[in-house]
Amino acid sequence: MPELPEVETVRCGLEQNLKNTTIKKVTLRRKNLRIPFPEHFAQTLEGQPITAITRRAKYLLFYVGKNDVLIAHLGMSGRFSVENKRPAAFLPHDHVVIELTDGRVLIYNDARRFGLMTLAQRNTLHEHPLLSELGPEPLEKDFSAQYLKKELLKRNSPIKSTIMDQQLVVGVGNIYASEALFLVGINPQKSAKSVADRNNDLVKAIRKVLGDAIASGGSSLRDFVQVSGETGYFQHHFNVYGRAGKPCFKCHTPIRSTRMSGRSTFFCPQCQS
DNA sequence: CTATCCACCTGGCGGC
DNA sequence: TGCCGCCAGGTGGATA
1 MPELPEVETV RCGLEQNLKN TTIKKVTLRR KNLRIPFPEH FAQTLEGQPI
51 TAITRRAKYL LFYVGKNDVL IAHLGMSGRF SVENKRPAAF LPHDHVVIEL
101 TDGRVLIYND ARRFGLMTLA QRNTLHEHPL LSELGPEPLE KDFSAQYLKK
151 ELLKRNSPIK STIMDQQLVV GVGNIYASEA LFLVGINPQK SAKSVADRNN
201 DLVKAIRKVL GDAIASGGSS LRDFVQVSGE TGYFQHHFNV YGRAGKPCFK
251 CHTPIRSTRM SGRSTFFCPQ CQS
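For what it's worth, my numbering labels the leading residue of the first sequence as 1, then goes sequentially.
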């Protein structure tokens, strides 16, 4: 489900709903997601206030009390919802139930269980193995044209997989990779080093596609919903993703789809060379 | 080291 | 209607 814009949209909804609430009771309805829950997961969180909810890459970070951080990842199918009271019955795949002292309930549902939740300490958060190897945030200054050029020159892999590499830059997934490359007019199969001189345009395109998607509340394919239950709108702005055989909006050439390292990839054979 | 493949899961959809 | 194969927004470990 979620690339950076969807995770940011969820973060925003969680922040509005949960900031300065206190956790009363945590129920794990199974023992693991993609990885096991830490042993004292519930016990650590219970009784503590949620003071902030931030995001690093596609990870949500719930700051809890003075020292603890709940790290959550939505994987492909994870969703958070906030209910006004404990539901009479749970849905299939409601794996984590977090009851708040004000009576509301935060539920994490994840059919495929590619998501995860774990705990970290605030003062060593960025040293946590899940976070320590991540590249720069695409919307921040350290993702610069100069940085990108230097990294692209080191790599022989196709540019599409390169911009999806979370060590190079975080947050770009399969949809926005295709969309960003359409904006710059680069064929996804070209090697990273061969397009290193397009660094400036690439930075701009990645920022634009992610920024515009955040402004639209993310993209809703299949099952992405915001915490409020609303869907995002950015799927209506896709230029290439999911449009195989349909005319390019710029030149009317049919959009082509292919598979690159197991992922569906879309591009305009005319506009992207 | 780098680059590619595949497994991890479930559900939804189209085709027969 | 029912079954089957294929597909899905991510990640990391295995393999060459």
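Glycine included, every Cβ here is placed at the ideal spot set by N, Cα and C.
*First through last residue of the alpha helix (DSSP H) which encompasses Gly13*: Where Gly13 is concerned, the enclosing alpha helix (DSSP H) stretches over Leu4 to Leu18.
*Which value, in whole angstroms, describes the spacing of the CA atoms of Asp110 and Asn32?*
Roughly 11 Å between the two C-alpha positions.
_Check whether Arg112 and Met76 have beta carbons under 9 Å apart_ = The Cβ atoms of Arg112 and Met76 lie closer than 9 Å to each other.
_Please state whether the Cβ-Cβ distance between Gly229 and Pro5 is less than 9 Å._
The answer is no: Cβ separation not under 9 Å.
*asked:* Using a 10 Å radius around the Cβ and a threshold of 16 neighbouring Cβ atoms, would you call Gln146 buried or exposed?
replied: Burial call: exposed.
_Endpoints, the beta strand (DSSP E) within which Val195 is located_ = Careful: Val195 lies outside any beta strand (DSSP E) and carries neither H nor E.
*asked:* Assuming contact is defined by CB atoms lying nearer than 9 Å, are Val69 and Leu119 in contact in what I supplied?
replied: Yes, they are a contact pair.
*Is the CB-CB distance between Thr101 and Thr27 below 9 Å?*
No. Outside cutoff.
_Nonlocal neighbours in the same chain, by C-beta distance under 7 Å from Glu133, ignoring five residues either side_ = Hits under 7 Å: Gln167.
*For Val82 versus Leu14, is the C-beta spacing smaller than 9 Å?*
Their beta carbons are under 9 Å apart, which means Val82 touches Leu14 by this criterion.
_Under 8 Å, with one C-beta from each stretch per pair, do the segment 191-209 and the segment 257-265 reach the 3-pair mark?_
At 8 Å Cβ cutoff, the stretches do not touch.
*Check the DSSP bridge columns for Lys25 and list the partner residues they point to.*
Beta-bridge annotation (DSSP): Lys25 is paired with Glu99.
*DSSP three-state call for Val209: helix, strand or coil?*
Taken through DSSP and simplified to helix, strand or coil, Val209 comes out as helix.
*Unbroken beta strand (DSSP E) run spanning Gln121, endpoints*: Judged by DSSP secondary structure, Gln121 falls within the beta strand (DSSP E) whose first and last residues are Leu116 to Gln121.
*Does the segment 174-182 come close enough to the segment 234-249 to have 3 or more Cβ pairs within less than 8 Å?*
Enough Cβ pairs lie closer than 8 Å, so yes.
*State the start and end residues of the unbroken alpha helix (DSSP H) segment that holds Glu151.*
That run of the alpha helix (DSSP H) goes Ala145 to Leu153.
*Give the DSSP-derived three-state secondary structure of Asn239 in the structure shown.*
Residue state, collapsed to three classes: coil.
*Please go through the same chain and pick out, in chain order, the residues whose beta-carbon is closer than 6 Å to the beta-carbon of Phe114, but skip the five residues on each side of it.*
Cβ neighbours of Phe114 beyond the five flanking positions: Arg34, Gly75 and Met76.
*Do Pro188 and Val169 have their C-beta atoms within less than 9 Å of each other?*
Val169 sits away from Pro188, with the two beta carbons spaced by 9 Å or more.
_Beta carbon of Tyr59 nearer than 9 Å to that of Leu130_ = For the pair Tyr59 and Leu130, the CB atoms are nearer than the 9 Å cut-off.
*asked:* Could you compute how far the alpha carbon of Asn84 sits from the alpha carbon of Leu152?
replied: Here the alpha carbons of Leu152 and Asn84 stand approximately 48 Å from one another.
*Can you tell me where the beta strand (DSSP E) with Ser264 in it begins and where it stops?*
In the DSSP assignment, Ser264 falls within the beta strand (DSSP E) that extends over Arg263 to Phe267.
*asked:* Rounding to the nearest angstrom, what Cα-Cα distance links Gly217 and Ser191 in this structure?
replied: One C-alpha to the other measures close to 32 Å.
*Selected residue, minimal CA-CA separation from Asp293, among Ser157, Phe37, Leu125 and Arg207*: Absent from the model: residue 293. The displayed extent of the chain is 1 to 273, so no value can be given.
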